[in-house]
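There are 2 protein chains.
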Amino acid sequence: MKITILDNDISLKRQLEQGNEQQLQTVREVIQDVRAKGDAAIKYYSEKWDGFAPENLRVAECEIIEAVKSFDPQLYGDLQEAADNIYRYHNEQKRTGFQLPLEDGSYLGQRITPLDAVGLYVPGGSAAYPSSVLMNVIPAQVAGVKRIVITSPAGNDGKLPDAVLVAAHILGVTEIYKVGGAQAIAALAYGTETIAPVDKITGPGNIFVALAKREVFGEVAIDMIAGPSEICILADESAYADEIAADLLSQAEHDTLACAVLITTSDDLADAVADQVEIQLSKLPRQAIARKSIENFGHIYVAESIKDAVRAVNSLAPEHLEVITENAEKVSEMITHAGAIFIGRYSSEPVGDYFAGTNHVLPTNSTARFASGLNVDDFIKRTSVVYYSEKTWQQNAPKIARLARLEGLEGHARAVESRGWDKGEE
Amino acid sequence: MKITILDNDISLKRQLEQGNEQQLQTVREVIQDVRAKGDAAIKYYSEKWDGFAPENLRVAECEIIEAVKSFDPQLYGDLQEAADNIYRYHNEQKRTGFQLPLEDGSYLGQRITPLDAVGLYVPGGSAAYPSSVLMNVIPAQVAGVKRIVITSPAGNDGKLPDAVLVAAHILGVTEIYKVGGAQAIAALAYGTETIAPVDKITGPGNIFVALAKREVFGEVAIDMIAGPSEICILADESAYADEIAADLLSQAEHDTLACAVLITTSDDLADAVADQVEIQLSKLPRQAIARKSIENFGHIYVAESIKDAVRAVNSLAPEHLEVITENAEKVSEMITHAGAIFIGRYSSEPVGDYFAGTNHVLPTNSTARFASGLNVDDFIKRTSVVYYSEKTWQQNAPKIARLARLEGLEGHARAVESRGWDKGEE
Chain A
68 MKITILDNDI SLKRQLEQGN EQQLQTVREV IQDVRAKGDA AIKYYSEKWD
118 GFAPENLRVA ECEIIEAVKS FDPQLYGDLQ EAADNIYRYH NEQKRTGFQL
168 PLEDGSYLGQ RITPLDAVGL YVPGGSAAYP SSVLMNVIPA QVAGVKRIVI
218 TSPAGNDGKL PDAVLVAAHI LGVTEIYKVG GAQAIAALAY GTETIAPVDK
268 ITGPGNIFVA LAKREVFGEV AIDMIAGPSE ICILADESAY ADEIAADLLS
318 QAEHDTLACA VLITTSDDLA DAVADQVEIQ LSKLPRQAIA RKSIENFGHI
368 YVAESIKDAV RAVNSLAPEH LEVITENAEK VSEMITHAGA IFIGRYSSEP
418 VGDYFAGTNH VLPTNSTARF ASGLNVDDFI KRTSVVYYSE KTWQQNAPKI
468 ARLARLEGLE GHARAVESRG WDKGEE
Chain B
68 MKITILDNDI SLKRQLEQGN EQQLQTVREV IQDVRAKGDA AIKYYSEKWD
118 GFAPENLRVA ECEIIEAVKS FDPQLYGDLQ EAADNIYRYH NEQKRTGFQL
168 PLEDGSYLGQ RITPLDAVGL YVPGGSAAYP SSVLMNVIPA QVAGVKRIVI
218 TSPAGNDGKL PDAVLVAAHI LGVTEIYKVG GAQAIAALAY GTETIAPVDK
268 ITGPGNIFVA LAKREVFGEV AIDMIAGPSE ICILADESAY ADEIAADLLS
318 QAEHDTLACA VLITTSDDLA DAVADQVEIQ LSKLPRQAIA RKSIENFGHI
368 YVAESIKDAV RAVNSLAPEH LEVITENAEK VSEMITHAGA IFIGRYSSEP
418 VGDYFAGTNH VLPTNSTARF ASGLNVDDFI KRTSVVYYSE KTWQQNAPKI
468 ARLARLEGLE GHARAVESRG WDKGEE
């Protein structure tokens with residue numbers, strides 16, 4: 068890994084895959100087709116791209132039961148415990164509305180209501196991602212969303228991975244469709260004979276899924292378009308090089324565009340981590356991916372002081388930040404921009420990916436400057452409430468009418484003035 | 068206005084102005100130019116489109132003082148009181164993070180931090196919109212945003228409207244630029260010699276502003292792209308036709324694409340409101356706009372029951388809803404989807420546009436199904452925090468490693484397993 072003296076703000080912004088014109092054209096066609104032809108279009112595209120068009124788009128109850136039966140009981144317990152932890156953390160995010168009393172019984176309020184229906188896209192391919200199911204479904208459930216739908220492309224055997232079905236089962240989600248790609252996003256946004264539309268779509272996917280989410284945005288809500296994973300570690304001489312290297316590689320193995328950065332006040336640690344990264348890389352199954360990521364976006368910065376290091380972290384606004392220093396908690400309190408912070412030696416980042424309870428859907432590519440990880444608020448909306456009594460209206464109507472006229476909106480002024488005056492019944 | 072028997076879900080979705088390819092091309096050029104040439108590009112485009120390129124982009128302190136001095140003192144008081152009300156309501160939205168203790172001193176947390184810098188676009192043109200200044204700036208201030216920037220196109224006289232400067236002055240905002248259009252959005256997103264970039268851009272604007280906001284989205288955060296205003300009134304025989312008509316017209320006068328709908332259980336009220344709309348329309352200064360809006364999107368539905376009416380409202384998910392019925396509060400509690408609810412006869416919708424304290428930036432075009440009005444949370448972000456003690460790590464590391472391997476991510480498993488084992492110093 069490159070080692071550089073830190074002497075300025077740093078950035079880990081990468082130009083993300085935007086898709087090309089042809090891909091966008093394809094996605095638009097798929098969406099049009101699904102809107103026009105419903106299930107038939109879904110089957111057509113599933114056959115074309117996934118090589119398999121299931122007779123029944125919806126996963127049958129018996130398929131879920133079968134998956135649960137054949138699943139490793141220890142892993143089942145692990146997933147169950149992870150789910151419990153995630154529920155526990157997200158329950159803390161729940162909120163209620165408020166009512167602010169004014170004079171004479173008048174009041175202003177804020178009501179919180181959940182979305183009616185949300186859809187989670189779970190990517191297919193070689194691996195199964197049960198953790199995505201937990202991380203996306205649980206905040207929606209805690210928010211009070213009644214209808215939660217999962218959709219994911221079936222494999223060549225016409226099945227979804229057991230791990231995905233088991234995770235859904237643990238959470239009590241039963242509306243699961245074997246549909247992937249842009250056609251899945253179109254179905255969730257506009258509905259088909261089988262799949263009723265939802266109000267929000269979350270979950271990661273390939274470039275076609277990402278483009279489709281952008282296209283239907285506005286018709287429904289979407290979560291962020293997630294970029295490749297990032298880890299930034301802020302460490303001093305108290306940290307162990309092998310552990311730092313392992314954590315850097317845990318994110319580098321995700322994607323050749325993933326980004327792993329160490330900022331340290333220790334020259335010795337910098338050198339030792341660079342060595343350890345090489346050693347560990349050579350034994351990593353996903354070595355090819357991790358090596359490219361480290362070559363392209365891996366970097367070790369040596370800072371003069373913790374204060375300089377903190378400033379650099381805040382300029383990065385990394386998705387994941389580990390603070391492994393003396394007084395790590397205190398140091399972490401100086402961080403203003405990060406998706407998630409892991410404090411101390413034993414809070415290795417994958418702890419949060421799978422188990423601790425915090426969400427692993429986090430803002431990337433410096434968007435932690437203004438964005439947050441997935442949370443319960445992503446599945447609620449706020450309605451403001453105004454109740455004015457006659458007296459409050461009477462006191463304030465002239466002011467409101469003046470302000471409306473200041474903006475040239477006479478109709479607004481007249482509406483406020485229209486009450487009561489001439490009818491005199493009150 | 069058309070009167071129809073309500074017999075099904077209704078929709079007020081309109082095809083919104085998306086801009087054409089040429090407009091998008093123009094906007095992209097402007098953004099490129101501002102990124103490359105900074106202030107010079109801003110002045111070039113301001114001259115070209117606004118007919119005026121100010122020597123100093125930033126409004127001088129003396130201009131603000133002059134505006135305040137020459138401003139009507141009564142109106143100044145009205146704006147001040149409106150600001151106080153808006154602060155009061157939005158203060159209730161403030162939130163703090165939390166810390167959830169686990170075993171052995173371990174904990175999970177959520178930290179809330181404000182955005183560093185936000186920019187508000189205030190449209191220019193014939194009218195001044197001080198209420199936009201109040202509604203966009205105050206939630207950001209309550210959130211704790213330190214740098215708040217306003218940008219707005221100068222008039223032919225090279226000035227911003229007094230009302231805008233006065234509103235900014237009341238809120239203590241002093242960083243104000245005489246820049247409009249796509250060039251303003253580009254400057255806020257990427258910065259120039261004079262204008263430092265911000266993290267989020269809010270505020271309405273013409274099609275060029277809207278397209279520019281879409282283009283820079285991701286680089287910075289943006290608020291929603293607001294559609295034309297909507298009002299839905301749910302009323303029974305207890306309501307007064309002239310007041311209902313006045314409130315419908317108050318939104319219709321905004322835009323020819325604005326939408327005004329009455330849903331009532333009273334045939335008599337339906338007829339009387341249709342008459343009143345005609346009578347009042349003929350005397351309205353913005354008659355031409357309001358008449359088109361009413362012709363295109365105005366509608367009166369007669370419902371069998373309040374229950375049916377409520378269902379129809381929820382299918383509309385209107386931006387503004389007035390409930391003017393017996394037991395209006397009770398009825399309002401059945402509403403699940405609306406941007407803002409105004410309860411009872413004296414809570415005419417413009418009360419919320421200017422004065423009551425709730426926000427007037429609200430979700431339109433049925434997006435109240437999943438979106439909320441502008442609020443303090445739009446200007447904060449959440450950082451999750453994980454602290455695992457050695458013991459908590461020891462207990463859970465095997466489970467986390469198993470879950471990582473289930474997803475094929477060996478590097479994640481190794482990271483978690485890398486702690487302590489062999490070094491045995493703890």
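Protein chains in written order, with my numbering: chain A, 68 to 493; chain B, 68 to 493.
Heads up, the beta-carbon is just placed ideally off N, CA and C, and yes, glycines get one too.
If you're wondering where the values come from, they're calculated on a predicted model, not measured in any experiment.
- Secondary structure of arginine 412(A) (DSSP, three-state): coil.
- A contact between stretches requires three or more CB pairs, one per stretch, nearer than 8 Å, and the region 219–231 of chain A meets this requirement with the region 241–254 of chain A.
- Selection Arg481(A), Thr434(A), Phe446(A), Thr450(A) evaluated against leucine 79(A) yields Thr434(A) as nearest (Cα-Cα).
- With fewer than 16 other beta carbons inside 10 angstroms of its own, alanine 355(A) counts as exposed.
- For asparagine 273(B), the closest C-alpha among the options Gly105(B), Asp322(B), His236(B), Lys359(B) is that of Asp322(B).
- Each of Tyr196(B), Trp460(B), Gly192(B), Arg155(B) was checked against the Cα of glycine 176(A), and the nearest Cα belongs to Arg155(B).
- The three-state reading of DSSP puts phenylalanine 364(B) in helix, counting H, G and I together.
- Where valine 453(B) is concerned, the enclosing beta strand (DSSP E) starts and stops at 447–454.
- Taking 8 Å as the cut-off, the Cβ atoms of isoleucine 153(A) and glycine 424(A) count as close.
- Taking C-beta atoms as the reference points, valine 380(B) and leucine 301(B) count as a pair closer than 8 Å.
- Against threonine 180(B), the close residues of chain A are Thr403, in the order they occur along the chain (beta-carbon pairs closer than 7 Å).
- Cβ contact annotation for threonine 261(A) (same chain, cutoff 6 Å, sequence separation greater than five): Asp106, Leu124, in chain order.
- According to DSSP, residue pairing for glycine 186(A) in a beta bridge involves Val216(A), Ile268(A).
- Taking each of Tyr112(A), Gln461(A), Asp290(A), Val452(A) in turn and checking the Cα distance to valine 204(A), the smallest one comes out for Asp290(A).
- When the beta-carbon positions are compared, alanine 384(A) and alanine 357(A) stay at least 8 Å from each other.
- When the five nearest sequence neighbours on each side are left out, the beta carbons in the same chain lying within less than 6 Å of the beta carbon of leucine 255(B) are those of Gly186, Val265, Ile268, in order along the chain.
- Cysteine 299(B) has Val328(B), Leu388(B) as its beta-bridge partners, per DSSP.
- Chain-ordered, the chain B residues with CB closer than 7 Å to the CB of alanine 471(A) read Pro417, Tyr421.
- By the criterion of a C-beta distance shorter than 7 Å, threonine 180(B) is surrounded in its chain by Ile447, Lys448, Thr450, once the five residues flanking it on both sides are discounted.
- Note on geometry: alpha-carbon atoms of glycine 294(A) and glutamate 114(B) lie some 39 Å from one another.
- Secondary structure at threonine 259(A): coil, using DSSP grouped into helix, strand and coil.
- For lysine 448(A), the closest Cβ of chain B is nearer than 8 Å.
- Contacts between glutamine 160(B) and chain A, judged by CB atoms closer than 9 Å, involve Phe165, Gln177, Arg449 in chain order.
- Contact between serine 360(A) and alanine 337(A) does not hold, since the beta-carbon distance rounds to 19 Å and is not under 8 Å.
- Of all residues in the region 474–488 of chain B, only Glu474, Gly475, Leu476, Glu477, Gly478, His479, Arg481, Ala482, Val483, Ser485, Arg486 place a beta-carbon less than 7 Å from a beta-carbon of chain A.
- Residue contact check for proline 197(B) against chain A: a CB pair falls below 8 Å.
- In the three-state scheme derived from DSSP, where H, G and I count as helix and E and B as strand, threonine 425(B) is classed as coil.
- At a Cβ-Cβ threshold of 8 Å, aspartate 117(B) and alanine 108(B) do not count as neighbours.
- As a beta-bridge residue in DSSP terms, proline 168(B) pairs with Tyr174(B).
- Along the region 341–367 of chain A, the positions whose C-beta sits under 8 Å from a C-beta of chain B are Gln347, Leu351, Pro352, Arg353, Ala357, read in chain order.
- With a threshold of 8 Å between beta carbons, leucine 142(A) makes contact with chain B.
- Residue pairing for proline 181(B): DSSP places it in a beta bridge opposite Ile447(B).
- If you draw a straight line from the Cα of glycine 239(A) to the Cα of alanine 306(A), it comes to about 42 Å.
- Listed along chain B are Leu473, Glu474, each with a C-beta nearer than 9 Å to that of alanine 230(A).
- Considered as a whole, the region 100–133 of chain A harbours 106–112 as its complete alpha helix (DSSP H) runs of no fewer than 4 residues, in chain order.
- In chain A, no part has a C-beta under 7 Å from the C-beta of glycine 186(B); the shortest such distance is about 12 Å.
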